[in-house]
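Going left to right, the sequence shown walks through residues 2 to 300 as UniProt numbering numbers them.
All C-beta atoms, glycine included, are put in the ideal place defined by N, C-alpha and C.
Everything numeric in this text was worked out from a predicted model, so none of it was measured.
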Amino acid sequence: RSVKAFAPATVANVSCGFDILGFAIDAMGDTVELVLKDEPGLVVVSIDGDGGKLPLEAEKNTCAVAIQAMLDELDSKVGMNIYLTKGLPLGSGMGSSAASAVAALAAANRLLGDPFEKKDLLPFAIAAEKVACGAGHADNVAPSLLGGFVLVRDYHPLDVIKLPVPQGLYCTLLHPHYELKTADSRSVLRDQIPMKHATIQSGNVAGLIAGLYESDFELISRSLRDVIAEPYRAVLLPGFYEVREALKSAGALGMGISGSGPTLFALSRGKETAEAVGEAGKKMFSKIGLEVDVYFSEI
Ligand code: HSE
Numbered sequence: 002r003s004v005k006a007f008a009p010a011t012v013a014n015v016s017c018g019f020d021i022l023g024f025a026i027d028a029m030g031d032t033v034e035l036v037l038k039d040e041p042g043l044v045v046v047s048i049d050g051d052g053g054k055l056p057l058e059a060e061k062n063t064c065a066v067a068i069q070a071m072l073d074e075l076d077s078k079v080g081m082n083i084y085l086t087k088g089l090p091l092g093s094g095m096g097s098s099a100a101s102a103v104a105a106l107a108a109a110n111r112l113l114g115d116p117f118e119k120k121d122l123l124p125f126a127i128a129a130e131k132v133a134c135g136a137g138h139a140d141n142v143a144p145s146l147l148g149g150f151v152l153v154r155d156y157h158p159l160d161v162i163k164l165p166v167p168q169g170l171y172c173t174l175l176h177p178h179y180e181l182k183t184a185d186s187r188s189v190l191r192d193q194i195p196m197k198h199a200t201i202q203s204g205n206v207a208g209l210i211a212g213l214y215e216s217d218f219e220l221i222s223r224s225l226r227d228v229i230a231e232p233y234r235a236v237l238l239p240g241f242y243e244v245r246e247a248l249k250s251a252g253a254l255g256m257g258i259s260g261s262g263p264t265l266f267a268l269s270r271g272k273e274t275a276e277a278v279g280e281a282g283k284k285m286f287s288k289i290g291l292e293v294d295v296y297f298s299e300i
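Now the structure itself:
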């Protein structure tokens, strides 16, 4: 027996929501096919689309780690062959490792007769993120699994809340052609944040969430600001401030680093603005000598 599942790309953090906010981009993602084996053990048979960069060893592969965590919880010795097709570039900030883990879990759950509800798969996906990027953050896996815009209110115990999205809210993604590992872009962050930054950040998270509930685009725009991660990470991203100006001048409500980068995201009201923002970003990136892929989609 075999089962195939797809899981979407995600934008984590969404500026002010470091490790607690994310949304899904349904048009792009990874696909995992699982085939039941007669004997126990997880075998990563093939990975397509990664340029040979991802590990096939089960202890290091995100799909296998996620499925193993699930089998351990079930006390099951079922064996599976794993076939992963990457639709997402590695180290891009678009939740590539999360999409692989979530697709693997969705397929495994179905293969085993749905022993878990969707949201109960999250801890297994977080275990895989820990192996893939050294930190068990849930702001990619939660929206990849549940879809839409998601808040991770707490990790211990997990408390995940789906948020409403105003009609006509679009995301533009600008993906420059270089890799940045999440572990590296987490290593530049500080352990402590000044009280005044905590205050600014909480105000913006609350504002963004109120803006989503109220469909208040102006409030969403004012709230898309990050003072705890972006200032440290921007130094890893050539052209960040120039591109930020270009996106805002083209009408974006706001912008930021998608997850841990190097992809940048912008939110806009309406498709036309989202397209214009993509064009403006591409032009500015090319001025500084970087090629980018541009994607946009309604959230
Ligand atoms: N919240 C995580 C980070 C997302 O910013 O490191 C990584 O995609």
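Distance between residue j and residue i (C-alpha atoms, nearest Å)
| i | j | result |
| --- | --- | --- |
| A199 | V206 | 11 Å |
| G135 | A184 | 6 Å |
| G255 | R187 | 22 Å |
| A133 | G260 | 14 Å |
| E58 | V44 | 8 Å |
| G279 | V228 | 24 Å |
| S287 | E246 | 15 Å |
| A8 | Y179 | 23 Å |
| A253 | D39 | 54 Å |
| A212 | F218 | Ala is not the amino acid found at residue 212; the sequence shown has Gly there. Computed Cα separation, rounded: 6 Å. |
| G277 | A251 | Rather than Gly, the amino acid found at residue 277 in this sequence is Ala. Their Cα atoms are separated by approximately 6 Å. |
| C17 | K78 | 42 Å |
| D20 | P232 | 16 Å |
| L174 | N62 | 27 Å |
| L268 | G80 | 43 Å |
| K182 | G282 | 22 Å |
| G114 | G137 | 27 Å |
| L106 | C64 | 8 Å |
| K249 | T274 | 11 Å |
| P167 | L55 | 37 Å |
| E34 | L85 | 7 Å |
| M285 | E130 | 33 Å |
| G42 | E60 | 11 Å |
Rounded distance between the beta-carbons of residue j and residue i, thought under 8 Å
| i | j | result |
| --- | --- | --- |
| T264 | M95 | 5 Å |
| F150 | F24 | 4 Å |
| E215 | I289 | Contact flag wrong, Cβ pair sits at about 37 Å. |
| Y171 | K272 | 6 Å |
| V66 | P177 | In fact, because the Cβ distance is near 28 Å, the residues do not count as touching under 8 Å. |
| D140 | L225 | Not quite, the Cβ-Cβ distance comes to about 15 Å (not below 8 Å), so this is no contact. |
| S3 | V46 | Not quite, the Cβ-Cβ distance comes to about 12 Å (not below 8 Å), so this is no contact. |
| I258 | R234 | 6 Å |
| G92 | T32 | About 19 Å; that fails the 8 Å criterion. |
| I201 | L152 | Actually they are not in contact, since the Cβ atoms of I201 and L152 sit about 19 Å apart, beyond 8 Å. |
| A104 | A6 | 5 Å |
| G208 | L220 | 6 Å |
| I83 | S298 | No, I83 and S298 are not in contact; Cβ-Cβ is about 28 Å, not under 8 Å. |
| L159 | L123 | 6 Å |
DSSP beta-bridge partners of residue i
| i | result |
| --- | --- |
| L268 | C172, G255 |
| D31 | A8 |
| A179 | As written in the sequence, residue 179 is Tyr, which differs from the Ala given in the question. In the DSSP output, where bridge partners are listed per residue, Y179 has none listed. |
| Y84 | E34, S47 |
| G53 | None, per the DSSP bridge assignment. |
| Y296 | L174 |
| S3 | V36 |
| G42 | G80 |
| D160 | D155 |
| G92 | Partner(s): none; G92 has no beta bridge. |
| A13 | G23 |
| F150 | F24, L164 |
message = Could you check whether the region 113–125 touches the region 237–244, counting it as contact only if at least three pairs of C-beta atoms, one from each stretch, sit closer than 8 Å?
response = no
inquiry  = Can you tell me which residues fall inside 7 Å of the ligand ZN, judged by beta-carbon distance to its nearest heavy atom, and keep chain order?
reply    = Ligands displayed in this structure: the ligand HSE; the ligand ZN is not among them.
query = Hey, is the region 98–112 in contact with the region 63–75, meaning 3+ C-beta pairs nearer than 8 Å?
reply = yes
inquiry  = Count Cβ pairs between the region 185–196 and the region 152–172 that sit closer than 8 Å; are there 3 or more?
reply    = The answer is no - the region 152–172 does not touch the region 185–196, with fewer than three Cβ pairs under 8 Å.
query = Pairing CB atoms from the region 42–54 with CB atoms from the region 4–21, are three or more of them under 8 Å?
reply = Cβ pair count under 8 Å is below three, so no.
query = Should the region 85–100 be regarded as contacting the region 136–150, the criterion being three or more beta carbon pairs within less than 8 Å?
reply = yes
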